[in-house]
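This report refers to the structure that appears directly beneath it.
Chains as they are written, first to last, in the working numbering: chain A, 139 to 586; chain B, 144 to 502.
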């Protein structure tokens, strides 16, 4: 059979043993005593060093105390629950203490500990002997009979001990009763104190709850006011926004108005500028005004009082005055009127129709007006007024010409139409001075 | 199926915590809803609930509580008594209190209390008692738990992460042979025997032997730490011992790579994760045949029934001189790790174990 791996190791070990034996003889190690260990002081009440007891030392206690002492002495440990219970059941079944001690001493664990209990072995043997069927029965009877005197003595001693214990127990019970009464009285006092304290606490709690309710009510009111204030703030904010919006609108409106006024001013300025800047038209106009004014003045008797309605910037009026007519003008546009006055012309700002109505009957030698003065509605009435204000034989000159600052359509410049109207107003048309794009219609009030 | 994982505390790089977290991940990978419950948790990137919320979280008798039993905790015992859910006791072993006698009364009391609860847990007749090793499970089978309710599953670990870390050897001694010990300074871990073995190594040729100890010392075991230092001084080995209490993963990796052997003379281990770290990283293993260590090592190391210093020293010397033996142990170690303790293997075994609850 071939050597196994373990055979190999065993052979090696044998060789090593031999080498060790040789080394031990060759170089022995000096002996060193082991270090002393601390004395065992068990804090668990178990004297592990003591292994010798007398049986009387271990049988003095009773029941659990006896079992506990037996475990600690013979097994060197505290009893476990199961072990203690097992031995207690034996005691309750009538087993003698020697049997309990023997069970522990000669258990596997007890043999390992090896404690010696003097006097235990014969008692333990007897305890086990009585458990043998038949033989044990007779042995137990024999032991009982042999021990009867001792049993009687033990009985009397037990009676005395029991009586002493009973007296002691009675005294102790009496003392306990007294103590219980004292404690009961103290407890009653504590109970009363507790009740009073409880009532006081209850009152304080009730008062505290009332105060808490009051605080809650006040808090609710404050909360309502806060809500109302918040709502008011919101409404105020809305009003402020509305006012802001209105102010903005107002500002926009004022700005619009300012813009319109500025536009009007600009328009008036533009009109004035148009009037003064149109040089070609101005020369033409001046030429025909000179012609017309000459024609008119020639037909007027002294003092030649002439009223010009709608003088504008006074160009026609200045032509009349240049012909030595006692002319004055009426103009509704204050800008134009001022422009004429600044050139020294006698122009009054007034409504031409109202000014004509204020003229006395037959107070004028001559009356001149442009077609732009004649209001479409009041044209006939104005012409009748014109006849009224003229002296008999007085002369009216109607200028039929486009005015740059008025919107004239083609119908307004129709001389024939005006001639017809003048005739309708009782004025006799005495001539039409044609100047191309404009003309003047002369008319007289018939002399009586 | 909801699974509540109950443990007293969680901390980074702690063997029990690693088992809890990786087992949780494996169970979630199988589609189970798993929640962690612990009194305290630090350095854990996971939601951890308060233990008092555990019973409210479970809502069906088909749900499971897995309690990681590593110390005495009355609350856990009460929960397992009350709950209607199925119960698994994941047992990591509790060091017998005798090891701490004379060193720390607190450790004695705590270990005694923990081991005292073994009877109580055994009496609960939980659906499954899951030990890190057959040695651990014996604590329950010896208390009457039926073998049908017991199973063995090696603990989940972080060896894979250790294999990927770049080594940092700046603080690792370069002497040879280099004896390595990994584990907290505790009386059951045989540090004093280790110092004696180093003394024997130094007495034998070659004389440059060095011991590297990587492990923390709990302040409550200061007396034991003093005893170890006293033995080092008594043997005149102050210059031949390096003790790193704060080694990180990179330094641990470098230590395994540089060491001639991992020498573990512990007298009580529930599984011993450093053994599989050494096997995975190719470090030959020399150990005492105590508790769970023979099972963990298998045939992948040199396991002795005695911690006699010359025996250990001769073993180290043989490893230094016998290249075939070194390679054999390295290969055996890697093969055993891959076959028995690789995460995928543990995951499959856990899945198989949980089938009894799914079905």
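Note that beta-carbon positions come from the ideal geometry of N, C-alpha and C, so glycine has one too.
On a Cα-Cα basis, can you pick out the residue from the options that is closest to residue i?
{"i": "residue 449/B", "options": "149/A, 145/A, 159/A, 146/A", "result": "159/A"}
{"i": "residue 206/B", "options": "338/B, 157/B, 146/B, 219/B", "result": "146/B"}
{"i": "residue 405/B", "options": "346/B, 379/B, 351/B, 476/B", "result": "476/B"}
{"i": "residue 459/B", "options": "345/B, 373/B, 489/B", "result": "345/B"}
{"i": "residue 171/A", "options": "383/B, 374/B, 428/B", "result": "374/B"}
{"i": "residue 180/B", "options": "210/B, 170/B, 159/B, 149/B", "result": "149/B"}
{"i": "residue 260/B", "options": "473/A, 215/A, 238/A, 225/A", "result": "215/A"}
{"i": "residue 105/B", "options": "169/B, 331/B, 176/B, 312/B", "result": "The question about residue 105/B has no answer here: the residues shown for chain B are numbered 144 through 502."}
{"i": "residue 468/B", "options": "427/B, 487/B, 490/B", "result": "427/B"}
{"i": "residue 529/A", "options": "248/A, 503/A, 553/A, 516/A", "result": "503/A"}
{"i": "residue 506/A", "options": "538/A, 441/A, 344/A", "result": "538/A"}
{"i": "residue 152/B", "options": "169/B, 175/B, 186/B, 389/B", "result": "186/B"}
{"i": "residue 501/B", "options": "340/B, 411/B, 204/B", "result": "204/B"}
{"i": "residue 232/B", "options": "440/B, 254/B, 264/B", "result": "264/B"}
{"i": "residue 202/B", "options": "226/B, 326/B, 194/B", "result": "226/B"}
{"i": "residue 175/B", "options": "182/B, 166/B, 183/B", "result": "166/B"}
Tell me which residue opens and which closes the alpha helix (DSSP H) that residue i is part of.
{"i": "residue 254/B", "result": "248-266"}
{"i": "residue 508/B", "result": "Missing from the structure shown is residue 508/B; chain B here goes from 144 to 502 and no further."}
{"i": "residue 157/B", "result": "Segment: none, residue 157/B is in no alpha helix (DSSP H) and carries neither H nor E."}
{"i": "residue 424/B", "result": "416-424"}
{"i": "residue 209/A", "result": "201-212"}
Tell me which residue opens and which closes the beta strand (DSSP E) that residue i is part of.
{"i": "residue 480/B", "result": "No beta strand (DSSP E) holds residue 480/B; DSSP gives it neither H nor E."}
{"i": "residue 145/B", "result": "145-153"}
{"i": "residue 476/A", "result": "No beta strand (DSSP E) holds residue 476/A; the alpha helix (DSSP H) holding it covers 472-479."}
{"i": "residue 446/A", "result": "443-447"}
{"i": "residue 364/B", "result": "First-last for residue 364/B: undefined, no H or E at that position."}
{"i": "residue 535/A", "result": "528-538"}
{"i": "residue 212/B", "result": "207-212"}
{"i": "residue 331/B", "result": "No beta strand (DSSP E) contains residue 331/B, which DSSP labels as neither H nor E."}
{"i": "residue 231/B", "result": "229-234"}
{"i": "residue 568/A", "result": "565-572"}
{"i": "residue 466/A", "result": "464-469"}
{"i": "residue 180/B", "result": "176-184"}
{"i": "residue 386/B", "result": "384-387"}
{"i": "residue 505/A", "result": "502-508"}
What's the C-alpha gap between residue i and residue j?
{"i": "residue 494/B", "j": "residue 173/B", "result": "7 angstroms"}
{"i": "residue 219/B", "j": "residue 347/A", "result": "51 angstroms"}
{"i": "residue 212/B", "j": "residue 279/B", "result": "11 angstroms"}
{"i": "residue 421/B", "j": "residue 144/A", "result": "20 angstroms"}
{"i": "residue 534/A", "j": "residue 402/A", "result": "34 angstroms"}
{"i": "residue 319/A", "j": "residue 301/A", "result": "27 angstroms"}
{"i": "residue 464/A", "j": "residue 392/A", "result": "47 angstroms"}
{"i": "residue 325/A", "j": "residue 315/A", "result": "15 angstroms"}
{"i": "residue 569/A", "j": "residue 584/A", "result": "14 angstroms"}
{"i": "residue 582/A", "j": "residue 447/A", "result": "17 angstroms"}
{"i": "residue 222/A", "j": "residue 212/A", "result": "13 angstroms"}
{"i": "residue 180/A", "j": "residue 363/B", "result": "Residue confidence for residue 180/A is low, a pLDDT of 46 falling below 50, so the modelled location carries little weight and cannot support an answer."}
{"i": "residue 222/B", "j": "residue 247/B", "result": "30 angstroms"}
{"i": "residue 345/A", "j": "residue 353/A", "result": "12 angstroms"}
{"i": "residue 438/B", "j": "residue 399/B", "result": "21 angstroms"}
{"i": "residue 478/B", "j": "residue 205/A", "result": "54 angstroms"}
{"i": "residue 571/A", "j": "residue 428/A", "result": "12 angstroms"}
{"i": "residue 275/A", "j": "residue 282/A", "result": "11 angstroms"}
{"i": "residue 263/A", "j": "residue 249/A", "result": "16 angstroms"}
{"i": "residue 425/B", "j": "residue 289/B", "result": "38 angstroms"}
{"i": "residue 292/A", "j": "residue 409/B", "result": "57 angstroms"}
{"i": "residue 251/A", "j": "residue 244/B", "result": "14 angstroms"}
{"i": "residue 442/A", "j": "residue 561/A", "result": "23 angstroms"}
Task: Contact list for the segment 242-267 of chain B against chain A, Cβ threshold 7 angstroms - done: 244, 245, 246, 248, 252, 255, 259, 262, 263, 266
- [ ] Can you give me, in chain order, the residues of the segment 202-234 of chain A that have a beta carbon less than 8 angstroms from any beta carbon in chain B?
- [x] 215, 216, 218, 219, 220, 221
Task: Members of the segment 144-165 of chain A that neighbour chain B once the beta carbon cut-off is set at 8 angstroms - done: 144, 146, 147, 150, 151, 153, 154, 155, 157, 158, 159, 161, 162, 165
TODO: With 8 angstroms as the C-beta to C-beta threshold (strictly closer), list the residues of the segment 274-295 of chain B near chain A in chain order.
DONE: none
- [ ] Mind listing, in chain order, the continuous beta strand (DSSP E) runs of no fewer than 3 residues lying wholly within the segment 282-325 of chain B?
- [x] 293-295, 321-325
Open item on the list: Output needed in chain order: residues of the segment 336-357 of chain B with a Cβ under 9 angstroms from some Cβ in chain A.
Closed with: 339, 342, 343, 346, 347
Task: Residues from the segment 447-466 of chain B in contact with chain A, defined by Cβ distance under 9 angstroms - done: 447, 451, 452, 453, 454, 455, 456, 457, 458, 460, 461, 465
TODO: Give the residues from the segment 191-211 of chain B that approach chain A closer than 8 angstroms (Cβ to any Cβ), ordered along the chain.
DONE: none
Task: chain A contacts from the segment 414-439 of chain B (Cβ-Cβ distance under 9 angstroms) - done: none
TODO: Could you name the residues of the segment 355-375 of chain B whose beta carbon sits closer than 8 angstroms to any beta carbon of chain A, in the order they occur along the chain?
DONE: 366, 369, 370, 373, 374
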